[in-house]
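Mapped onto the numbering used here, the consecutive letters of the sequence shown carry residue numbers 3 to 198.
Working notes, structure below.
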Amino acid sequence: MIRREIFQKVCRYAQARDIVFTPREQEIIASLTTHKVLPPYTILMEQGKPVKWLYFLNSGIARLYRIHKGTDHTLGIISINDFISTPLYLFSGAISPCGLESLTEVDVLVWDKPRVAAMKEQIPRMYDMELAVMDRLLNWVQDNQIDAVCMTAEERYQKIMTEQPEVIRQIPLKYVASLLGIHQDSLSRIRKALTK
């Protein structure tokens with residue numbers, strides 16, 4: 003069973019969504035949860051393969067990416083306490099259309115399909131948790147689509163600087179440029195203009 007302090011961030015995530023687990027339910031969840039600290043550039047989910055694990059990011063930075071026609075595209079950079087893979091693909095056995103990679107050392111909570119199924123069987127409100135995770139994912143996708151259409155690359159960079167400053171400080175800028183859909187030279191010009 004994992005130590006309680008390692009488990010607190012996912013409990014706060016649930017509480018922020020009005021899902022409160024009893025002490026007994028928390029014990030069940032903890033008994034079915036694996037804790038891992040993984041090095042930078044660990045592939046957590048492979049593009050083109052079935053999803054095997056559900057991850058919750060306690061700390062660190064990860065990116066969602068897709069390789070298309072030989073080009074690596076960063077789709078998202080996650081640096082907050084959140085689920086970084088989806089229960090939808092875990093349960094359906096669907097092939098993942100994208101990959102997930104740690105960019106820094108990451109501290110994650112991990113569940114495989116049988117453990118998630120066991121939690122859902124023993125704790126009815128886990129269905130609410132699953133819906134909350136899916137709702138968060140849909141909102142994230144929608145927000146990213148709206149930002150990509152309505153904001154310039156410079157505005158999106160400024161948003162990252164405001165909301166995720168650790169990303170700018172800790173990861174190679176090629177991933178930020180890819181996320182913004184621009185070349186690294188263009189990102190350098192944006193950064194230079196913002197420092198004037």
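Note that the Cβ used here is the ideal one computed from N, Cα and C, for glycine as well.
- Message: Please classify Ala18 as buried or exposed, where buried requires at least 16 neighbouring CB atoms within 10 angstroms.
- Response: Here the question's residue 18 lines up with position 16 in the sequence shown. The C-beta of Ala18 has fewer than 16 other C-beta atoms within 10 Å across all chains shown, which makes the residue exposed.
- Task: Would you give the residue range spanned by the beta strand (DSSP E) that Lys115 belongs to?
- Result: One-based indexing of the sequence shown puts residue 115 at position 113. Here Lys115 belongs to no beta strand (DSSP E); instead the alpha helix (DSSP H) covers 115–124.
- Task: For Asp20, name the three-state secondary structure that DSSP assigns.
- Result: For the purposes of this step, residue 20 is taken as residue 18 along the sequence shown, with counting starting at 1. Annotated three-state conformation of Asp20 is coil, per DSSP.
- Message: Let me check understanding here. Comparing Cα to Cα, which of Leu111, Lys198, Lys122 lies closest to Gly62?
- Response: In the sequence shown, counting from the first residue as 1, residue 62 sits at position 60. A check of alpha carbon separations from Gly62 across Leu111, Lys198, Lys122 identifies Leu111 as the nearest.
- Query: Between which two residues does the alpha helix (DSSP H) harbouring Ser190 extend?
  - Reply: Here residue 190 refers to the residue found at position 188 when the sequence shown is read from its first residue. Ser190: member of the alpha helix (DSSP H) spanning 186–197, first to last residue.
- Find out if the Cβ-Cβ distance for the pair Gln287, Ile79 is shorter than 8 Å. For residue 287 there is no data in the structure shown, the boundaries of the chain being 3 and 198.
- Counting only the same chain and skipping the five closest in sequence on each side, list residues whose C-beta sits under 7 Å from that of Leu77. Counting from 1 along the sequence shown, the entry for residue 77 is found at position 75. Excluding residues within five positions, the ones whose Cβ falls inside 7 Å are Leu66, Tyr67, Arg68, Cys100.
- Message: Going residue by residue through the segment 41–74, where are the continuous alpha helix (DSSP H) segments of at least 4 residues, counting only ones entirely within it?
- Response: Correct list: empty.
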